[in-house]
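K.L.:
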Amino acid sequence: MTLSVLGLGFGRTGTESLKKALEILGCGPCYHMFEVLPHQNRVDEWVSLVQGKTPDWDKTFAGYHASVDWPGAFFWRELAEHYGDAKFILTTREPERWYDSMAKTILPLLRETAVDPNSLANQMFISRTFGGDIDDRDNVIETFLRHNAAVKAAIPSDQLLELEVGAGWDPLCAFLGIDVPDVPYPWGNRADEFVDNIDRAQAQREAVLA
48 MTLSVLGLGF GRTGTESLKK ALEILGCGPC YHMFEVLPHQ NRVDEWVSLV QGKTPDWDKT
108 FAGYHASVDW PGAFFWRELA EHYGDAKFIL TTREPERWYD SMAKTILPLL RETAVDPNSL
168 ANQMFISRTF GGDIDDRDNV IETFLRHNAA VKAAIPSDQL LELEVGAGWD PLCAFLGIDV
228 PDVPYPWGNR ADEFVDNIDR AQAQREAVLA
């Protein structure tokens, strides 16, 4: 099994909805940050990869056909090279609305967990994604825009779909060459659901460690 679809967009761009959509279309299972957080061994693995451990991507993604969201999106260049024949999806969103969603969800979580310098929050996000500053709105938005521009510049246009939040089934199914299913496009992990989803994932991890 190998990854055939990779979502390269940042979190809060409809990535969990895309995960569910890909699984409905038969392109799953799909890797997502929610596949990581309940499992301490996976958290540790990604911290090691960020710190320079030589990756074995096929092992990391064993059992999955697709990946969206972080942590995969952090390594988008490496994954695009390793899975060069895959189809790539850049989920995106109006930058100011994206930041507002981040400010209600991911950024507070990063601040809470940043006390540990070796945490995934520090190693992957605060230090390496946002250059050490998640409190500067302009810096966070500029990081988002630079990432999107870099993806669009690097991935061949015939392999890349830019998918705006709210676009629904039509562009995704056309890109993948799959008929539109007779079910509504899934929506998930709204800002008001985010904390509950994170708490549930962390509780699962703590139960395993207990």
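Reminder that position 190 of the sequence shown reads as 237 in our numbering, one-by-one numbering, no gaps.
Ideal placement from N, C-alpha and C gives every residue a C-beta, glycine not left out.
Predicted model, so just to flag it, every value in this text is computed and none were measured.
#1: Whole-angstrom Cβ separation of Y111 and P76, contact assumed at under 8 Å?
#2: Taking all protein chains shown into account, decide if D182 is buried (16 or more other Cβ within 10 angstroms of its Cβ) or exposed.
#3: If distances are taken between C-alpha atoms only, which option among P203, Y232 and W234 comes closest to L137?
#4: Counting only the same chain and skipping the five closest in sequence on each side, list residues whose C-beta sits under 8 Å from that of V94.
#5: So, is L96 buried or exposed, given that buried needs 16 or more other C-beta atoms within 10 angstroms?
#6: What is the DSSP secondary structure of L156, reduced to helix, strand or coil?
#7: Check whether the stretch 206-223 and the stretch 60-72 are in contact - that is, three or more C-beta pairs closer than 8 Å.
#8: If you follow the beta strand (DSSP E) that K134 is part of, which residue opens it and which one closes it?
#9: Counting along the chain, where does the beta strand (DSSP E) carrying V115 start and finish?
#10: Between which residues of its own chain and T190 is the CB-CB distance below 6 Å, once the five residues before and five after are set aside?
#11: Which residue comes first and which comes last in the beta strand (DSSP E) that contains L208?
#12: Figure out for me which residue from F222, A214 and D229 has the closest Cα to the Cα of R140.
#13: Where do the N-terminal and C-terminal ends of the alpha helix (DSSP H) with V90 fall, by residue?
#14: From V187 to L154, what does the alpha carbon distance come to, in whole angstroms?
#15: Contact check, L50 vs Y130 under 8 Å by CB: the rounded distance?
#16: Give me the Cα-Cα distance between S114 and V52, rounded to the nearest whole angstrom.
#17: Report the rounded CA-to-CA distance for Q24 versus S174, giving the unit in angstroms.
#18: Would DSSP call C77 helix, strand or coil?
P.N.:
Concretely, from the data shown:
#1: Position 64 of the sequence shown holds residue 111. Position 29 of the sequence shown holds residue 76. So it is a contact: roughly 5 Å between Cβ atoms.
#2: Taking the sequence shown and counting its residues from 1, the one referred to as residue 182 is at position 135. That one is exposed.
#3: Your numbering for residue 137 matches position 90 in the sequence shown. Of the candidates P203, Y232 and W234, the residue whose Cα lies closest to the Cα of L137 is P203.
#4: Your numbering for residue 94 matches position 47 in the sequence shown. If we look at V94 and ignore the five residues flanking it on each side, its Cβ neighbours are N165, S166, L167, Q170 and M171.
#5: Within the sequence shown, residue 96 is the residue found at index 49, counting from 1. Buried, because 16 or more other Cβ atoms sit within 10 Å of the Cβ of L96.
#6: As a working mapping, residue 156 is identified with position 109 in the sequence shown. L156 falls in the helix class under three-state DSSP.
#7: Contact between the stretch 206-223 and the stretch 60-72 is present: 3 or more CB-CB pairs across the two stretches fall below 8 Å.
#8: As a first step, residue 134 is located in the sequence shown; it is residue number 87 there, counting from the start. DSSP places K134 inside the beta strand (DSSP E), whose first and last residues are K134 to T139.
#9: Taking the first residue of the sequence shown as 1, we reach residue 115 at position 68. From DSSP, V115 is part of no beta strand (DSSP E); its letter is neither H nor E.
#10: Here residue 190 refers to the residue found at position 143 when the sequence shown is read from its first residue. These residues qualify, in order along the chain: F177.
#11: For the purposes of this step, residue 208 is taken as the residue at position 161 of the sequence shown. First-last of the beta strand (DSSP E) with L208: L207 to E211.
#12: For this step, residue 140 is matched to residue 93 along the sequence shown. When each option's Cα is compared against that of R140, the closest is A214.
#13: In the sequence shown, the residue the question calls residue 90 occupies position 43. Q87 to V97 is the span of the alpha helix (DSSP H), which, as asked, contains V90.
#14: Against the sequence shown, residue 187 aligns to sequence position 140. Against the sequence shown, residue 154 aligns to sequence position 107. Cα-Cα distance, rounded: 10 Å.
#15: What you label residue 50 is simply residue 3 of the sequence shown in a count that begins at 1. What you label residue 130 is simply residue 83 of the sequence shown in a count that begins at 1. Between L50 and Y130 the beta-carbon gap is near 5 Å, inside 8 Å, which marks them as a contact.
#16: On the sequence shown, residue 114 is found 67 positions in, with the first residue counted as 1. On the sequence shown, residue 52 is found 5 positions in, with the first residue counted as 1. Rounded to whole angstroms, S114 to V52 spans 7 Å at the Cα level.
#17: Nothing can be reported for residue 24: it is not among the residues displayed for the chain, which extend from 48 to 257.
#18: Here residue 77 refers to the residue found at position 30 when the sequence shown is read from its first residue. Three-state DSSP puts C77 in a strand.
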